[in-house]
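For reference, the structure is listed below as structure tokens.
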Amino acid sequence: MSARSRPPIVDEPVDLLPAPGWLAAALAPDRCLGVAMTRGAPRLELTRDGIRRALLITQASAATSSWPFVQGGLAVGYPGDAGGDHEALRELCCELGERLHAREAAVLTWIAATRWLVQTLDEPERLAPPPAELVALAGAELSPCAALLRAARARGEPCDAALVRAAIDASSRPAIRAAGALLLFALGEYADGLARWSELPGDRDRAGLVEAHAHAIANAMLGRAAPSTSWIERAVELLEAAPPRADADAVEAWMSCAHYWIARRRPERARTPVERALAAPLAPRRAAELRRTLAQLSLHRGDPAATIEALGETAPEDPHERLAAARLAADAGAFRRAEAWLATLVEAPGAVVDEAAIELARLRLWRGDTDGAAALLGDRSRAEDPRGARLLGASAVLTGDLRAAHAHLDHALARDPSDVEALRWRAEAHLRARDLKAANAALDQSFLLENAAASLLIKAIVHLESRLIGPRVIAKLAGSGTYLDGFFRQHIHTLADPAATRAALEDPRELAAHLRSILARLGGSRATRATLLTAPGAAEPLVYAATASGRDDSANNLMRLAEDVSVVELLSTFTALKRRYPESPHPYTYRGELLLWLGDYRGALADFNRVLRIAPTRWAYVGKAAALMLTGHPRRASWVSTKGVARFGRLASATTHVYRGELRRLHGRAREAIADLELAVHHKPARIGAWVNLALARVELGDPGARAALDELEARAPAVLWESARSLGERPRARITTQDRALLERALVLMRGNRSSVIHTIFPPGESMRVIPAPSRWRAQAREALAVAAIGLRATLIDAVTRALDRLGDAAP
Numbered sequence: 013m014s015a016r017s018r019p020p021i022v023d024e025p026v027d028l029l030p031a032p033g034w035l036a037a038a039l040a041p042d043r044c045l046g047v048a049m050t051r052g053a054p055r056l057e058l059t060r061d062g063i064r065r066a067l068l069i070t071q072a073s074a075a076t077s078s079w080p081f082v083q084g085g086l087a088v089g090y091p092g093d094a095g096g097d098h099e100a101l102r103e104l105c106c107e108l109g110e111r112l113h114a115r116e117a118a119v120l121t122w123i124a125a126t127r128w129l130v131q132t133l134d135e136p137e138r139l140a141p142p143p144a145e146l147v148a149l150a151g152a153e154l155s156p157c158a159a160l161l162r163a164a165r166a167r168g169e170p171c172d173a174a175l176v177r178a179a180i181d182a183s184s185r186p187a188i189r190a191a192g193a194l195l196l197f198a199l200g201e202y203a204d205g206l207a208r209w210s211e212l213p214g215d216r217d218r219a220g221l222v223e224a225h226a227h228a229i230a231n232a233m234l235g236r237a238a239p240s241t242s243w244i245e246r247a248v249e250l251l252e253a254a255p256p257r258a259d260a261d262a263v264e265a266w267m268s269c270a271h272y273w274i275a276r277r278r279p280e281r282a283r284t285p286v287e288r289a290l291a292a293p294l295a296p297r298r299a300a301e302l303r304r305t306l307a308q309l310s311l312h313r314g315d316p317a318a319t320i321e322a323l324g325e326t327a328p329e330d331p332h333e334r335l336a337a338a339r340l341a342a343d344a345g346a347f348r349r350a351e352a353w354l355a356t357l358v359e360a361p362g363a364v365v366d367e368a369a370i371e372l373a374r375l376r377l378w379r380g381d382t383d384g385a386a387a388l389l390g391d392r393s394r395a396e397d398p399r400g401a402r403l404l405g406a407s408a409v410l411t412g413d414l415r416a417a418h419a420h421l422d423h424a425l426a427r428d429p430s431d432v433e434a435l436r437w438r439a440e441a442h443l444r445a446r447d448l449k450a451a452n453a454a455l456d457q458s459f460l461l462e463n464a465a466a467s468l469l470i471k472a473i474v475h476l477e478s479r480l481i482g483p484r485v486i487a488k489l490a491g492s493g494t495y496l497d498g499f500f501r502q503h504i505h506t507l508a509d510p511a512a513t514r515a516a517l518e519d520p521r522e523l524a525a526h527l528r529s530i531l532a533r534l535g536g537s538r539a540t541r542a543t544l545l546t547a548p549g550a551a552e553p554l555v556y557a558a559t560a561s562g563r564d565d566s567a568n569n570l571m572r573l574a575e576d577v578s579v580v581e582l583l584s585t586f587t588a589l590k591r592r593y594p595e596s597p598h599p600y601t602y603r604g605e606l607l608l609w610l611g612d613y614r615g616a617l618a619d620f621n622r623v624l625r626i627a628p629t630r631w632a633y634v635g636k637a638a639a640l641m642l643t644g645h646p647r648r649a650s651w652v653s654t655k656g657v658a659r660f661g662r663l664a665s666a667t668t669h670v671y672r673g674e675l676r677r678l679h680g681r682a683r684e685a686i687a688d689l690e691l692a693v694h695h696k697p698a699r700i701g702a703w704v705n706l707a708l709a710r711v712e713l714g715d716p717g718a719r720a721a722l723d724e725l726e727a728r729a730p731a732v733l734w735e736s737a738r739s740l741g742e743r744p745r746a747r748i749t750t751q752d753r754a755l756l757e758r759a760l761v762l763m764r765g766n767r768s769s770v771i772h773t774i775f776p777p778g779e780s781m782r783v784i785p786a787p788s789r790w791r792a793q794a795r796e797a798l799a800v801a802a803i804g805l806r807a808t809l810i811d812a813v814t815r816a817l818d819r820l821g822d823a824a825p
């Protein structure tokens, strides 16, 4: 033993661990408060005679040669910043060192285990295998738990799904298995995640934080709203009951709850968790981000004024946060503030300068400043960005340079074919060149993606320019698929003075001029949410147009409410909508589709027949053919489908191909069915019913492409496959094979007549209709919940190591 000078200062502690019972006993009568986790050496927090002291215990080495106690392989010292009587501290080190030396082997194992634990918790990217002595005490679950912790801290990237599965298989602890399920969801391994989640205990009162989040997300993926809500409420209860914490994981645990409510479209319930997170000490950028989230919640609630007030007038310091705040300010209608903040980012080049330039160019173009927008896009990288190319194309349309406009818009659409704004500008470029056929084609392409006021306005001008038709004819254009009846009765009044519109409707020439004046008032915006130029001197250069709720919009919006309201409410509201718009085909068309989903095929047939009498639409023929097919009239279904194509022409993305493909498959014409179904999923990849039928058709032919179709189903419809297996009395599984034909057939039974690409519904046995959300919606939430998984895994790892180290007391001294 040697009593020497003060040891070097080591890293400050970051948390406390419980001391093993045998170690606490060896230190008596000194009371051990716990073990401070340091990266240098375990640090014991002790009290003697009411005075708190800290001692360092580590393996003897050249670096510890000057410590007060060094004997055998053990060294005991005290921190270099320790106050008080250093001579007394040296005596304490020697006294306790003698006691600990009697159990040197156990103490050295404890030191190695604590050091590994600290490194694993604080530096998971430097993951090392646990000491062999610790594995012998704790079992094989330490490494998998540590690996999952590393993956959770990194939000699942990079991470191998096989590693996650191995970790789940190696442990019986619910927290580890629940964290594994969350990681599988975050990795997009939905079917496997649901299968693993199914094995978790479902006792709500005994579930921990990680299990609560796994249950909430899995139930949400299955469309089970009430159980999902109950589980996230359990997570909030646990956070409220836990001792206050100020670390990053605790903040993210609150934010995970907030993001859950945002994903459920319940912004009012997200506010409290965000406020709880904001109460913790935060880095400036993170605090600004959370304040922006609070402001965004006000916008979600439809209160832009509260959003603008919450943002404040001072731009955030962090460039990324300033960019995000500027975008939110523009969304809330504070256009001048948004431009000012963006301009500061463009003037001081940094990491976000290109993004800020494109965003600022967009706002300048919206208010008609084509030169200002083009100047910001002079940099080659910005011009080649599809958004920048679209803005340059729009600017060229407005200035009359149609050749340049087409070049820029072609580039934008080649990079992003789903850019509806670029399609609208392309249509307008063709309109200005008097190529009305090409303008119509571009508009029809945009309607396949989105039905917005700007598209309808340009469509109306195209019809007037090409036909010089009167207002009464325009009002009857519902049957042509143009949707202009709804535009002239609803949308146009959000863009122009209703009195001026009524006066213009008396004369087709006046109407054309009126519509062009509205187009001019849109400035350089052809966005889905229309903005209008204001008068000079106004507080803002732009104002958002009011949102219309016309006949087609009302019916479509009702269908999207299916996730939140009962079928009875939906049907009664459709009845009211039909009374309000008795001459419109849209309420009947959408209600007919809903009746197909419900399996009321005769009721659907009646609605589609009514549409064909009022104003025939493409979907009336599609829906009628579907109802006839599902009621066992294949010949009549085929005839109606052919008649619809003859009247409206072939449309590659039409639902016709789904139902016709299914009809052909059911009648043994699998090859013809595959042609239809491949076309359907090519244009609308989210059509689950088409993928099920395509998989069945390929399985029937022994087509090797069946595996690809099954993979698509696992990625796009895990909930449907999960419920199908359960309804057959089978255990849900991660992978389906070509032998699972009965399961695929069962999926179609549960889906009844729904072949939609937007809203997916099923009827599990004994239940009413359930809406199944796209799994990608909850993948993002699973990634947020990985912060919670990290908390649970951290606690689990500490518990496992602590219990293992307690077992060292069973060994003889």
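Residues in the sequence shown are numbered consecutively from 13, following my numbering.
Glycine included, every Cβ here is placed at the ideal spot set by N, Cα and C.
As assigned by DSSP and simplified to three states, the class of residue i
| i | result |
| --- | --- |
| Ala807 | helix |
| Leu29 | strand |
| Ala230 | helix |
| Phe775 | coil |
| Glu595 | coil |
| Ile180 | helix |
| Phe660 | helix |
| Tyr90 | coil |
| Arg683 | helix |
| Arg676 | helix |
| Ile748 | coil |
| Thr546 | coil |
| Val364 | coil |
| Leu708 | helix |
| Asp391 | coil |
| Lys449 | helix |
| Leu480 | Interpretation of Leu480 is limited by its pLDDT of 47, a score under 50 that renders its predicted location unreliable; the figure taken from the coordinates is listed afterwards. Looking at Leu480 - three-state DSSP - the assignment turns out to be coil, as it is neither helix nor strand. |
| Ala653 | Per the sequence shown, residue 653 should be read as Ser rather than Ala. Correct three-state label for Ser653: helix. |
| Glu522 | helix |
Start and end residues, alpha helix (DSSP H) containing residue i
| i | result |
| --- | --- |
| Arg914 | Residue 914 is absent from the structure shown; the chain starts at 13 and stops at 825. |
| Val248 | Ala237 to Ala253 |
| Arg348 | Phe347 to Glu359 |
| Arg276 | No alpha helix (DSSP H) holds Arg276; DSSP gives it neither H nor E. |
| Ile63 | That residue, Ile63, is in no alpha helix (DSSP H); its beta strand (DSSP E) goes Ile63 to Gln71. |
| Leu206 | Tyr202 to Trp209 |
| Glu107 | His98 to His113 |
| Lys636 | Arg630 to Leu642 |
| Asn463 | Looking at the DSSP string, Asn463 is not in any alpha helix (DSSP H), and its letter there is neither H nor E. |
| Leu760 | Arg753 to Met763 |
For residue j and residue i, believed in contact at Cβ under 8 Å, the rounded distance
| i | j | result |
| --- | --- | --- |
| Ala698 | Arg738 | Rounded, the Cβ-Cβ distance is 23 Å, inconsistent with contact. |
| Trp122 | Leu809 | The Cβ separation is near 16 Å, so there is no contact. |
Residue span of the beta strand (DSSP E) that contains residue i, given as start and end
| i | result |
| --- | --- |
| Cys171 | First-last for Cys171: undefined, no H or E at that position. |
| Leu443 | Here Leu443 belongs to no beta strand (DSSP E); instead the alpha helix (DSSP H) covers Val432 to Arg444. |
| Leu554 | Leu554 to Tyr556 |
In DSSP terms, what residue i is bridged to
| i | result |
| --- | --- |
| Gly46 | Glu57 |
| Ile784 | His772 |
| Val82 | Ala87 |
Distance cut-off 8 Å: residue i Cβ against heavy atoms of the ligand COA
| i | result |
| --- | --- |
| Lys636 | Among the components of this structure there are no ligands whatsoever, and the ligand COA is therefore not found. |
- [ ] Evaluate contact between the stretch 545-558 and the stretch 522-530, counting only Cβ atoms and requiring at least three cross-stretch pairs below 8 Å.
- [x] Counting Cβ pairs under 8 Å, fewer than three are found: no touch.
Would you call the stretch 113-133 in contact with the stretch 31-43, where contact means no fewer than 3 C-beta pairs closer than 8 Å? When Cβ pairs closer than 8 Å are counted between the two stretches, the stretch 113-133 is seen to touch the stretch 31-43, the count reaching three or more.
Handout entry: Given 8 Å, three or more beta-carbon pairs between the stretch 622-640 and the stretch 593-607
Key = Cβ pair count under 8 Å is three or more, so yes.
Is the stretch 316-328 close to the stretch 344-361, with three or more CB pairs under 8 Å? Yes: at least three Cβ pairs fall under 8 Å.
>> Any contact between the stretch 791-801 and the stretch 258-268? By contact I mean 3 or more CB pairs, one from each, below 8 Å.
In response: As far as the Cβ criterion goes, the stretch 791-801 touches the stretch 258-268, which means the pair count is three or higher.
I want to know whether the stretch 781-792 touches the stretch 754-761 - three or more CB-CB distances under 8 Å.
As far as the Cβ criterion goes, the stretch 781-792 does not touch the stretch 754-761, which means the pair count is below three.
Exercise. Touch check for the stretch 404-417 and the stretch 502-509: three-plus C-beta pairs under 8 Å?
Worked result: Taking one beta carbon from each stretch, the stretch 404-417 and the stretch 502-509 have fewer than 3 pairs nearer than 8 Å; the two do not touch.
Taking contact to mean at least 3 C-beta pairs separated by less than 8 Å, is the stretch 156-175 in contact with the stretch 769-776?
-> Look at the beta carbons and you see the stretch 156-175 not touching the stretch 769-776: under three pairs across the two are nearer than 8 Å.
Would you call the stretch 388-408 and the stretch 426-435 in contact, with 3 or more CB pairs under 8 Å?
-> Because the criterion of three Cβ pairs below 8 Å is met, the stretch 388-408 and the stretch 426-435 touch.
Evaluate contact between the stretch 195-214 and the stretch 717-736, counting only Cβ atoms and requiring at least three cross-stretch pairs below 8 Å. Touching, per the Cβ criterion.
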